[in-house]
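Mature numbering (1 follows the signal peptide of the UniProt record, and there is no 0) puts the sequence shown at residues -22 to -1, 1 to 46.
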Amino acid sequence: MTLLQLFNALVLWLSLLMVIRAVTYTNWNAGEPNNRKNEDCAVIQDSGKWNDVNCSNSCASIICEFLS
């Protein structure tokens, strides 16, 4: 297995457990977030744009909304 193959197989999770602050940067796809069918999670598409999805979506990588 090459280093590139190993890197591509990794799934990384970045957490802000100690530093919680409002997000000022957004990169939503046109018409998003639309909260269609109570979509509280988001995915980053290949284009780099964000799309909100249902949290039960089978996508491996999601960003979830939580109440403060």
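Yeah, the Cβ is synthetic: ideal placement off N, Cα and C, and Gly gets one too.
In chain order, what residues of the same chain lie with their CB nearer than 6 Å to the CB of Arg14, ignoring the 5 residues before and after it?
none
Could you check what DSSP says for Cys33 in three-state terms: helix, strand or coil?
coil
With a CB to CB cut of under 8 Å and the five nearest residues on each side skipped, what residues in its chain are close to Ala7?
Strictly speaking, residue 7 in this sequence is Asn, with Ala absent from that position. Correct list, in chain order: Gln23, Ser25, Lys27, Trp28, Asn29.
Please work out which residues of its chain come closer than 6 Å, Cβ to Cβ, to Glu17, disregarding the five sequence neighbours upstream and downstream, and give them in chain order.
Asp30, Val31, Asn32.
Output needed for Asn5: all residues of its chain with C-beta closer than 7 Å, excluding positions within five of it in sequence on either side, in chain order.
Gly26, Lys27, Trp28
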